[in-house]
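Trainee:
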Amino acid sequence: MATNLTFEHIESTIESLPIQNRTMIRLLLLQYFDLQQDEIDFMATDQPDSRFRAGNQPQAQKTLSLEAVRNITSRANQYRTFYRQKRERPGMHLQFIEQTLALVNRSLQMIQRLLVEDMEASEEELQEARSQAFLVLIRQEIRKLSRAWEAQEIPAKDYQRKRLLLEFQALLRKQSLLRRRLRFSKQEFLTAGSTPLKDHEVGHIWGIPLGSLAARKVKALQQFLTGIQAKVETASPGNSNAQPIDFWRETFQVLSNRPFDRSIVEYDGLERTEDKLMEKLNVFLSGAMTEQEESKFWTSISKVNDSEFSGSWRSHARSILAFQRLQALLHDTDSSDEALKEDILARVTPKALDDQLATPDAEEKSVELGEVGLGVLNAFAGEIDDKRSF
C-alpha cells in the first residue's frame with residue numbers, strides 16, 4: 000500500500016532520536032546517510048575495554064581514544080564505499096542500457112523506413128524477417144551475400160535490400176538482449192538499494208559484541224519506526240484506519256528511488272592495460288563484435304563476485320570504471336538521425352568491384368630490397384668463405 004512517506008520524514012526522524020539509537024539507524028542505512036562526528040565519538044567511548052576480558056566493565060568515565068576514532072572512521076568509510084558502489088554498479092548498467100536501447104529502437108525505425116520507402120519491401124517481408132530473426136545465422140548469411148556480390152551474381156540494389164533485412168534482424172536480436180539485461184539490472188539495483196548493513200558489519204564498525212548489539216538494534220528500530228508512523232499519520236490523517244504498513248520496507252523503497260552517488264575510481268588492471276580496455280570498449284560500442292564476443296565482454300565488465308576471498312571490495316569499482324568510460328564514449332558519439340542513417344548505409348552498401356580487383360595487383364607487386372635490407376639479410380645468412388676446402 001502506498002504511503003506519503005518522504006525522505007524528509009526519514010531524515011527528521013533520525014535526527015530526533017537519542018544518540019545511541021540515531022547511531023544504530025545511521026549504521027543500518029549507511030549507504031544513504033553519513034555518520035556524524037558526535038556519533039563516531041560516541042561509538043569510540045562506548046566500546047568495551049579490551050583489558051577486561053571477563054567480569055564487569057569499569058564504571059569510570061571513559062576517555063576518547065583518537066586511535067579508536069580513526070579505526071571506526073576507517074571501517075565505516077570502507078563499508079559505506081562498498082555498499083554505495085554495490086548500488087552504483089547496476090545503476091550505471093541501467094543508464095547505459097537505457098541509452099543504448101533508445102539508439103537501437105531509433106535504428107530499427109530508420110531501417111524499416113529505408114526498406115519500405117527505398118527498397119519497396121512489403122509488410123509480409125518485414126513480418127517474416129521478425130519471425131526468423133532468432134533462427135537465421137546472420138554472419139553466415141552476410142558472408143554468402145558478400146561472395147555472391149564478388150562473383151557478380153547479384154545487383155547492388157538486391158544486395159542492399161538483403162543486407163538491410165539482415166541488419167534489421169541483427170538489431171532485433173540486440174533489442175531483445177538489451178531488454179533482458181535491463182530487467183536484470185533493474186532487479187539488481189532494487190535489491191542493492193534495499194539492503195541494510197548486516198549485524199556483524201555494524202558490530203565490526205562499532206566495536207561491540209553481537210549480544211549487546213541485538214538488544215540495541217531492536218530498541219533503535221522500534222523508536223525509529225514509531226517516529227516514522229507518527230509523521231506519516233500527521234501528514235495524512237485520513238489513512239489512520241488503513242491496513243498495517245511495513246514502514247521499514249517503505250523506508251528503503253523511498254531511499255532506493257534517490258539518485259545514486261558517483262564514485263571516483265581508478266584503473267586497476269581490467270583487460271590488462273587501459274589502452275586495451277578503451278580499444279575493446281570502442282569496438283563493443285560500435286557493434287563490431289560477434290554475439291559470442293559481445294556476451295563474453297559484457298560479462299567481464301558487468302559481473303561481480305561477492306566471495307570474501309576474491310577481491311569483492313574492488314570488483315564493483317572495476318565495473319563502474321568500465322561503464323564510466325562507456326558513458327563518456329557514448330556522449331561523444333553523434334546520435335542524430337543523419338548520423339544513424341549514414342552509419343546504416345555504410346554497413347549495407349557493397350564495396351566497389353574495382354577496389355576489390357585492385358587489391359591483388361598491389362599484393363603481387365614485387366618488392367626489391369635496398370642496400371640496408373641486403374646487408375641485414377647477408378648478416379643473417381653469413382658470408383660465403385671461398386677459401387674453405389671441399
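Under numbering that gives the first Met the number 0, think of the first position of the sequence shown as 0, with each following residue one higher.
In this text, a Cβ means the ideal position worked out from N, Cα and C, and glycines have one as well.
Note that the coordinates shown come from a computational prediction; the quantities given were computed from them, not determined experimentally.
1) Which residue spans inside the stretch 10-82 form an unbroken alpha helix (DSSP H) run of at least 4?
2) Which same chain residues end up closer than 7 Å to E23 when comparing Cβ atoms and leaving out the 5 residues on each side of it in sequence?
3) Please check the pair M118 and R160, which I expect to be a contact at CB under 8 Å, by giving their CB distance rounded to whole angstroms.
4) Go through its chain and collect everything with a Cβ distance to D267's Cβ below 8 Å, but skip five positions before and after it.
5) Within its chain, find whatever has a CB closer than 7 Å to the CB of F283; leave out the 5 residues flanking it on each side and keep chain order.
6) Distance, Cα to Cα, L410 vs D45?
7) Measure the C-alpha to C-alpha separation of R178 and R88 and round it to an integer number of angstroms.
8) Check whether the stretch 108-126 and the stretch 220-227 are in contact - that is, three or more C-beta pairs closer than 8 Å.
9) For L102, I'd like the list of residues in its chain whose CB is within less than 7 Å of its CB, leaving aside the five on either flank, ordered along the chain.
10) For L107, which residues from the same chain have a beta carbon less than 6 Å from its beta carbon, with the 5 sequence-adjacent residues on both sides left out?
11) Helix or strand or just coil, what does DSSP make of V264?
12) Would you tell me roughly how many angstroms separate the C-alpha atoms of L328 and V231, rounded to the nearest one?
13) Near F95, what residues of its chain come up, given a Cβ to Cβ distance below 6 Å and the 5 sequence neighbours on each side ignored?
14) Could you give the distance in angstroms between the alpha-carbon of S211 and the alpha-carbon of I39?
15) Buried or exposed for K350, going by 16 or more other Cβ atoms inside 10 Å?
16) Taking contact to mean 3 or more Cβ pairs, one atom from each stretch, closer than 8 Å, check whether the stretch 268-281 and the stretch 250-259 are in contact.
17) Pick helix, strand or coil for M109, following the three-state DSSP scheme.
18) Give me the Cα-Cα distance between F183 and L254, rounded to the nearest whole angstrom.
19) Tell me whether E363 is buried or exposed, calling it buried when 16 or more other Cβ atoms sit within 10 Å of its Cβ.
Mentor: On the basis of the data shown:
1) Within the stretch 10-82, the complete alpha helix (DSSP H) segments of 4 residues or longer fall at 18-27, 36-45, listed in chain order.
2) Inspection of the sequence shows that residue 23 is occupied by Met rather than by Glu. Shown here for M23: same chain residues with a beta carbon closer than 7 Å to its own, the five before and five after excluded, namely R215, K216, A219 in chain order.
3) Right, the Cβ-Cβ distance comes to about 4 Å (below 8 Å), so this counts as a contact.
4) Closer than 8 Å at the Cβ level, and outside the excluded window around D267, lie R313, A316, R317, L320.
5) Listed in chain order, the non-local C-beta contacts of F283 below 7 Å within the same chain comprise E293, F296, local neighbours out to five positions each way being set aside.
6) The requested residue 410 is not part of the displayed model; the chain covers only 0 to 389.
7) Each residue's alpha carbon lies about 18 Å from the other.
8) In short, these stretches do not touch, since the Cβ pair count stays below three.
9) Excluding sequence neighbours, L102 sits near S334.
10) For L107, same chain residues with a beta-carbon under 6 Å away, outside a window of 5 residues either side, are L170 in chain order.
11) For V264, the secondary structure class from DSSP, reduced to helix, strand or coil, is coil.
12) Between L328 and V231, the C-alpha separation is close to 45 Å.
13) Closer than 6 Å at the Cβ level, and outside the excluded window around F95, lie F322, L325.
14) Between the alpha carbons of S211 and I39 lies a distance of about 18 Å.
15) Counting the other CB atoms within 10 Å of its CB gives K350 a total below 16, which places it among the exposed residues.
16) Not touching, per the Cβ criterion.
17) Correct three-state label for M109: helix.
18) For the pair F183 and L254, the Cα-to-Cα distance works out to about 20 Å.
19) Reliability of the predicted coordinates at E363 is poor, the pLDDT of 47 falling under 50, and the value obtained from them is presented with this limitation in mind. Only exposed fits E363, as fewer than 16 other CB atoms lie within 10 angstroms of its CB.
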